[in-house]
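What follows is a short report on a single structure.
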Amino acid sequence: MASICFRNLMGHVLMAERVFATVYFRTYAENRVKHFTICWMATLLAISIWNTFVQHGVFFFVNMATFVSACILFVLGLVELLSLSAIYLYNLRKYKSQLYFTLNERFQLSENIRTAKQLAPTIFLHFFNANVLNLVTFLMYFDVLAEDYQKSCGFWLLSVHNAICCSFIEVTVITHHPMIKRKAIGWLKKMNKCSKARVDDSSSTTAQSGRNLVWGRKADGGGRVPTECRDQGPRRQGRPGGAGAVPGA
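UniProt numbering puts the sequence shown at residues 1 to 249.
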């Protein structure tokens with residue numbers, strides 16, 4: 001359960017990073033402080049562990065604290081979707097304005113615009129994945145899923161949905177990032193070429209073996225006259241009056 005919680009909170013971290021990049025766009029490119037990474041990793045780990053202890057390590061156990069946290073995450077997800085749209089429009093308006101910006105500042109604004117487009121499907125999938133978990137939490141809290149077999153089926157469906165949704169998140173990260181997409185296409189082309197090369201090598205080896213069998217060649221490539229040519233070759237006949245002529249002919 002802690003791993004699912006940790007994964008679903010990653011969308012909030014991405015949005016927080018984009019907010020910082022928008023507010024501090026003048027100095028964001030020059031900032032190399034690692035405090036943000038350390039803080040968000042520690043925060044997510046603490047929330048995940050706390051959520052596990054609150055549920056006593058049992059997915060079926062839902063109390064008031066779990067219900068309140070699910071409500072907060074739902075509202076926070078809606079706010080983040082609206083904030084992502086606002087960040088995109090804000091950076092786009094600033095980039096197109098006639099105000100004076102340095103080259104680094106305009107680059108950061110353009111990067112904010114591109115990143116907002118790239119993160120849109122990822123943030124939406126994080127929101128969708130987290131709220132399916134929240135829906136199951138609400139159903140358990142209000143005793144809609146009261147029986148043990150219902151909770152077991154809900155947990156199974158939730159696990160399958162989480163795996164599929166996380167796979168789609170990784171795919172959207174690859175397809176919506178130009179550099180990663182270009183590398184992925186290059187790797188796929190290389191793999192395709194390698195597979196074709198293996199098939200061509202095996203087929204050419206089989207064809208060469210067949211030709212060697214017909215022409216009577218050795219495996220090491222040594223040339224030999226075909227058997228049919230040796231058996232059915234033209235015979236020499238003596239010329240009239242020559243050394244091979246039959247006397248008295």
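We treat Cβ as the ideally placed atom computed from N, Cα and C, and that holds for glycine.
Quick caveat: nothing in here was measured; it's all calculated off a predicted structure.
Query: Could you say if the segment 152-168 and the segment 117-129 meet the contact criterion of at least three C-beta pairs nearer than 8 Å?; Result: yes
Query: What does the alpha-carbon distance come out to for the pair residue 15 and residue 84?; Result: 7 Å
Query: State yes or no: is the C-beta of residue 144 within less than 8 Å of the C-beta of residue 158?; Result: no
Query: To the nearest angstrom, report how far apart residue 21 and residue 125 are at their CA atoms.; Result: 22 Å
Query: Would residue 174 pass as a contact of residue 163 if the rule is Cβ separation under 8 Å?; Result: no
Query: Which residues bound the alpha helix (DSSP H) around residue 14?; Result: 10-23
Query: Specify, as a first and last residue, the run of the alpha helix (DSSP H) that residue 93 falls within.; Result: 64-96
Query: Please identify the residue among 133, 92 and 111 whose C-alpha is closest to the C-alpha of residue 160.; Result: 133
Query: Using CA coordinates, which residue listed in 152, 88, 138 and 155 is at the minimum distance from residue 66?; Result: 138
Query: Straight-line CA distance for residue 106 to residue 142?; Result: 51 Å
Query: Please determine whether the Cβ atom of residue 78 lies at a distance below 7 Å from any heavy atom of the ligand FMN.; Result: No copy of the ligand FMN occurs in the structure displayed, which carries no ligand at all.
Query: Buried or exposed: which applies to residue 108, given that a residue is buried once 16 or more other Cβ atoms fall within 10 Å of its Cβ?; Result: buried
Query: Any contact between the segment 114-122 and the segment 39-56? By contact I mean 3 or more CB pairs, one from each, below 8 Å.; Result: no
Query: Would a C-beta distance cut-off of 8 Å place residue 252 and residue 177 closer than the cut-off?; Result: Summary: the structure shown does not reach residue 252, with the chain confined to residues 1 through 249, and so no result is reported for it.
Query: Helix, strand or coil, according to DSSP, for residue 182 in the structure here?; Result: helix
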